[in-house]
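Here the structure is laid out as structure tokens; the discussion comes afterwards.
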Amino acid sequence: MAQAADRGVSLLVLPEGILARDDIDLDLPIRAAQPLDGAFMTRLQEESAHNNMTTIFTILVPSTPGRAVNMLVALRAGHIVARYAKLHLYDAFSMQESQSIDAGTVIAPVLDVEGVKVGLMTCYDLRFPDMALALALQGADVLALPTGWGSRPVERAAVVDAAGGESAGYHLLYDCGRGVW
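Anchor point for the sequence shown: position 141 equals 141 in the UniProt record's numbering, and the numbering is continuous, going up by one each time.
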């Protein structure tokens, strides 16, 4: 965060599940889940307090016993300026996100970042074009989308197009440590 802020970055999008993610030990993220006032978030808020950059990421927040919510958080100047509990859980192939994650119930907000309207989505939400359209109708110029994808760039392009890629002018995705796309 400090390096990005020092370089004048206005919007930093980090990968989905930055606190703990393991595609083999699926219980690890639940064991590592922390409340929004926990040590991990407190440290990120302290780091964010030194600049006006907006930082977007997701962490798991405990919900009911043994379960969590995949929470997208936007920080700016040390404060949570937006949050969103992931609506669409990935239950396909060998992954059953709903076994340990509770889905959100409210569509994500649109956030203003230096005059640019940023719609917030998380990973599998992109497969649902109505969500992208709803954010575009709220004025989103850009969709910020932390992901945990492992697919190739050509597949990602097809997903963006199929999911209503025309709804917002641009999509900003962070691909699980593989780079910005």
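Cβ atoms here follow ideal geometry from the backbone N, Cα and C, with glycine treated the same way.
Query: Take residue 20 as the anchor and find which of 70, 51 and 1 has the nearest alpha-carbon.; Result: 70
Query: For residue 55, does the count of other Cβ atoms within 10 angstroms reach 16, so buried, or fall short, so exposed?; Result: buried
Query: Determine, using beta-carbon pairs with one atom in the stretch 109 to 124 and one in the stretch 82 to 98, whether at least three such pairs fall under 8 Å.; Result: yes
Query: So residue 71 is in the beta strand (DSSP E); what residue range does that whole segment cover?; Result: 68 to 76
Query: Looking at C-alpha atoms only, which residue of 83, 103, 119 and 80 is the closest neighbour of residue 91?; Result: 103
Query: Going straight from the alpha carbon of residue 30 to that of residue 38, what length do you get?; Result: 14 Å
Query: How about residue 120 and residue 132: do their beta carbons lie closer than 8 Å?; Result: no
Query: Going by the CB atoms, is the gap between residue 59 and residue 34 shorter than 8 Å?; Result: yes
Query: Does the distance from the CB of residue 147 to the CB of residue 16 come in under 8 Å?; Result: yes
Query: Going along the chain, which residues of its own chain have a beta-carbon closer than 7 Å to the beta-carbon of residue 48, five neighbours each way excluded?; Result: 1, 55, 75, 76, 77 and 78
Query: So, helix, strand or coil for residue 40, using DSSP?; Result: helix
Query: Grab the span of the beta strand (DSSP E) containing residue 83 for me, first residue to last.; Result: 79 to 85
Query: By Cβ distance, which residues of its chain are closer than 6 Å to residue 67, with the 5 residues on each side in sequence left out?; Result: 100 and 102
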